[in-house]
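Novice: Handing you this structure, nothing more for now.
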Amino acid sequence: MAHKLFTYDDKFTQAIFAYCAERLAMNPIPLDYGSLHPVPDSALKGLITDQGHAPEEILNLFRDQLAPSVVSIDSPGFLAFIPNAPTKNSLLFDMVVACSGLNGTSWLEAEGVVVAENQALEFLVERVGLPAGSGGAFVSGGSIGNLSSLTVGRDVGRARHPELKPWEVRFAISADAHSSIGKALHVLGVNPLYVETDDHRMTVENLKAALAADPHPESVVGVVATCGTTNAGIIDDLEGIGAYARANNLWFHVDGAYGGATIFAPSMQEEIKGLRHADSFIVDPHKWLFAPLDCCALLYRDPTTARKFLAQQAGYLDILHGDEEEDYKWNPSDFGIHLSRRARGLPFWFSLVTNGVAAYESAVEAGLDLAKMAVKKINSLDFLELVRPEGLSIVLFRRKGWTDAQYNQWSRQLLENQIAFVTPTKWEGETVARLAFLHPDTSEEMVDAILSSMAD
Ligand SMILES: *Cc1c(COP(=O)(O)O)cnc(C)c1O
1389 MAHKLFTYDD KFTQAIFAYC AERLAMNPIP LDYGSLHPVP DSALKGLITD QGHAPEEILN
1449 LFRDQLAPSV VSIDSPGFLA FIPNAPTKNS LLFDMVVACS GLNGTSWLEA EGVVVAENQA
1509 LEFLVERVGL PAGSGGAFVS GGSIGNLSSL TVGRDVGRAR HPELKPWEVR FAISADAHSS
1569 IGKALHVLGV NPLYVETDDH RMTVENLKAA LAADPHPESV VGVVATCGTT NAGIIDDLEG
1629 IGAYARANNL WFHVDGAYGG ATIFAPSMQE EIKGLRHADS FIVDPHKWLF APLDCCALLY
1689 RDPTTARKFL AQQAGYLDIL HGDEEEDYKW NPSDFGIHLS RRARGLPFWF SLVTNGVAAY
1749 ESAVEAGLDL AKMAVKKINS LDFLELVRPE GLSIVLFRRK GWTDAQYNQW SRQLLENQIA
1809 FVTPTKWEGE TVARLAFLHP DTSEEMVDAI LSSMAD
């Protein structure tokens, strides 16, 4: 039966390319407004109909009525949460991935994707200091990367401890671990052992003290460390914890979703050298490695074990796995909590290959420099006060005398004036201001405008 779905149309294709080109050429990328400018109910009302609409009409609706209600996470003025600053060539290549309908599920279907993604992963393996043969896959984000890693860690822990009931195995984590770590343990039915820290940085001494104070330290089968906490950019004692974990048969997972990007920062190599101990490690190229959403690189020291626990098995999938171990070809689907996947690592691969490593190194260092510059300015203004030294590219500071409502009002006003998107955070119970740098085009003038907007 003849179908009526959209088929290729040159005019509409050119309209889409023109929209994309216009967007890519914007310099600087405008912040836009997010929910500050709500979408009117009338915009989408009754839009889904039997006959459909002309695509040009809906593209215009998107441009005029929807797009302005999205804050551009890739604007150099976006300094809230963790921003995203994809290179222009990674965005363009994402269009290639989209227009080719590229699938990245298995070797059988997508060898041409998998070899390129694996080249990028192998480069990360080397930078992290993991042994050759380590590897994994690109998954949708840090949350799924953490969940996948901790699933393997839990299963390895259970296998090592047949004397424990399956639900008894636990992971040691610090209260500053990302919320997705707690969520992953919740999903896995694994209880955390909370490690008390002195100043939000978990050390091996903290870990040993928590184990010594616990009535069942033998049930702790792994430990999660953070390379750059999201709120404050703090790097745990990776070397101490990692060496201890390896010596004591604990699964060592490092969450570097944000700060793992410092594998590209020459100035940070001493602080992160303990990454080499990781059994599993994640970094989000969609944060500080200049790739578009949604992309997390997930690495295992022993990928064979990881896929034994994670690969989906089904009669119709047997052909992907081969009969013999030595026949195994790499299926990205085998290394995470997923099956079908788009070739989401390719925009990052393309960006790394085309920009080159030196450009990546200087761009990551630029984020670190921006934080140092902001700290100097904060210290020079008497109405502001630093909460703590900058952590990687994150700066926490307070406006003396402000209430929570004043921080919120200031945040809204900065966005309304299209100066910046900055949101307050909580630090030790207090509402404070937070700047998260990583866009290499964020300027000193922007920082000046943000800080001076906090004067009386
Ligand atoms: C952002 C972040 C995550 C979650 O990553 P998503 O890609 O948002 O799922 C996990 N851990 C840390 C440290 C993060 O900064």
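Residue numbering for the sequence shown follows my numbering, starting at 1389 and increasing by one per position.
From the three backbone atoms N, C-alpha and C, an ideal C-beta is built for every residue, glycine too.
None of the values given here were measured: they were computed from a predicted structure.
(1) What does the alpha-carbon distance come out to for the pair residue 1770 and residue 1614?
(2) Can we say the stretch 1649-1669 touches the stretch 1511-1528, given the rule of at least three CB pairs closer than 8 Å?
(3) Verify the contact flag: residue 1620, CB atom, against every heavy atom of ligand 1, threshold strictly below 7 Å.
(4) Using only Cβ atoms and a threshold of 5 Å, which residues come within that distance of a heavy atom of ligand 1? Order them by chain position.
(5) Would you identify the three-state DSSP class for residue 1650, choosing helix, strand or coil?
(6) Do the stretch 1534-1553 and the stretch 1562-1573 meet, that is, are 3 or more Cβ pairs less than 8 Å apart?
(7) Can you say whether residue 1675 is buried or exposed, counting buried as having 16 or more other CB atoms within 10 angstroms of its CB?
(8) Provide the residue span of the beta strand (DSSP E) that contains residue 1756, from first to last.
(9) Just to confirm my understanding: we take residue 1766, look at its own chain, exclude 5 residues before and 5 after, and list those with CB closer than 8 Å. What are they?
(10) Since residue 1868 contacts residue 1632 with CB under 8 Å, what's their CB separation in whole angstroms?
(11) Which word fits residue 1414, buried or exposed, when buried means at least 16 other C-beta atoms lie within 10 angstroms of its C-beta?
(12) Taking residue 1564 as the reference, give the member of 1707, 1494, 1617, 1523 with the closest Cα.
(13) Between which two residues does the alpha helix (DSSP H) carrying residue 1567 extend?
(14) Is it the case that the Cβ atoms of residue 1527 and residue 1724 are separated by a distance below 8 Å?
(15) Can you tell me whether DSSP reads residue 1641 as helix, strand or coil?
(16) How big is the Cα-Cα spacing for residue 1778 and residue 1620?
(17) Pull the bridge partners of residue 1814 from the DSSP assignment, please.
(18) With residue 1548 and residue 1578 assumed to form a contact (beta carbons below 8 Å), what rounded beta-carbon distance in angstroms separates them?
(19) Express the C-alpha separation of residue 1576 and residue 1708 in angstroms, rounding to a whole number.
(20) Within a Cβ cutoff of 6 Å, which residues of the same chain sit near residue 1862, ignoring the five residues on either side of it in sequence?
(21) State the beta-bridge partners of residue 1685 as determined by DSSP.
(22) By alpha-carbon positions, which one of 1552, 1480, 1488 ends up nearest to residue 1736?
(23) Using 8 Å as the Cβ pair cut-off and three pairs as the minimum, do the stretch 1713-1731 and the stretch 1488-1499 touch?
(24) Alpha carbon to alpha carbon, what distance is there between residue 1607 and residue 1844?
(25) Can you tell me which of the three DSSP states residue 1677 falls into?
(26) Pairing CB atoms from the stretch 1469-1479 with CB atoms from the stretch 1697-1712, are three or more of them under 8 Å?
(27) Output needed for residue 1687: all residues of its chain with C-beta closer than 8 Å, excluding positions within five of it in sequence on either side, in chain order.
(28) Using the C-alpha atoms, what's the distance from residue 1544 back to residue 1627?
(29) Where do the N-terminal and C-terminal ends of the alpha helix (DSSP H) with residue 1478 fall, by residue?
(30) Look up residue 1511 in the DSSP assignment and say whether it is helix, strand or coil.
(31) Please confirm if residue 1447 has its CB atom under 8 Å from at least one CB of chain E.
(32) Give me the Cα-Cα distance between residue 1680 and residue 1812, rounded to the nearest whole angstrom.
(33) Give me the Cα-Cα distance between residue 1539 and residue 1701, rounded to the nearest whole angstrom.
(34) Of all the beta strand (DSSP E) runs that stay within the bounds of the stretch 1690-1746, which reach a length of 3 or more residues?
(35) Do you know offhand how far residue 1646's Cα is from residue 1605's?
(36) What would DSSP say about residue 1421, mapped onto helix, strand or coil?
Specialist: To lay it out plainly:
(1) Approximately 33 Å, taken between the alpha carbons.
(2) Touching, yes, given that three or more Cβ pairs across the two stretches are closer than 8 Å.
(3) For ligand 1, not one heavy atom lies less than 7 Å from the Cβ of residue 1620.
(4) Contact residues of ligand 1 (beta-carbon closer than 5 Å to any heavy atom; chain order) are 1529, 1530, 1531, 1566, 1568, 1618, 1643, 1645, 1646, 1672.
(5) Three-state result, residue 1650: helix.
(6) The answer is yes - the stretch 1562-1573 touches the stretch 1534-1553, with three or more Cβ pairs under 8 Å.
(7) Buried is the label assigned to residue 1675, since at least 16 other Cβ atoms lie within 10 Å of its Cβ.
(8) DSSP places residue 1756 outside any beta strand (DSSP E); the residue lies instead in the alpha helix (DSSP H), whose first and last residues are 1745-1767.
(9) 1772, 1773, 1774, 1783, 1785, 1839.
(10) Because the chain spans 1389 through 1844 in this model, residue 1868 falls outside it and cannot be assessed.
(11) Residue 1414 should be labelled exposed.
(12) Checking every option, the nearest Cα to that of residue 1564 belongs to 1617.
(13) Going by DSSP, residue 1567 is part of the alpha helix (DSSP H) stretching over 1567-1576.
(14) The answer is yes: Cβ separation under 8 Å.
(15) Residue 1641: strand per DSSP, three-state reduction.
(16) Their backbone Cα atoms lie some 8 Å apart in a straight line.
(17) As computed with DSSP, residue 1814 is found in a beta bridge with 1819.
(18) About 14 Å; that fails the 8 Å criterion.
(19) Rounded to the nearest angstrom, the two C-alpha atoms are 27 Å apart.
(20) Residue coverage of the chain in this structure runs from 1389 to 1844, which leaves residue 1862 outside it and unanswerable.
(21) Paired residues: 1526, 1671.
(22) The option with the nearest alpha carbon to residue 1736 is 1480.
(23) Put simply, the stretch 1713-1731 touches the stretch 1488-1499. At least three CB pairs are less than 8 Å apart.
(24) Those two C-alpha atoms are separated by around 55 Å.
(25) Residue 1677 sits in coil when the DSSP states are folded into three classes, being neither helix nor strand.
(26) With a cut-off of 8 Å, the stretch 1697-1712 and the stretch 1469-1479 do not count as touching, because too few Cβ pairs lie within range.
(27) Residues of the same chain with a CB within less than 8 Å of the CB of residue 1687, apart from the 5 flanking positions on each side, are 1509, 1512, 1513, 1516, 1518, 1522, 1523, 1524, 1666, 1668, 1669, 1670 in chain order.
(28) Going from the Cα of residue 1627 to the Cα of residue 1544 covers about 22 Å.
(29) Where residue 1478 is concerned, the enclosing alpha helix (DSSP H) stretches over 1476-1487.
(30) Of the three classes helix, strand and coil, the one that applies to residue 1511 here is helix, per DSSP.
(31) Among the chains in the structure shown there is no chain E, since it carries only a single protein chain.
(32) For the pair residue 1680 and residue 1812, the Cα-to-Cα distance works out to about 25 Å.
(33) When rounded, the separation of the alpha-carbon atoms in residue 1539 and residue 1701 is 16 Å.
(34) The stretch 1690-1746 contains no whole beta strand (DSSP E) run of 3 or more residues.
(35) Those two C-alpha atoms are separated by around 30 Å.
(36) If DSSP states are grouped into helix, strand and coil, residue 1421 belongs with coil.
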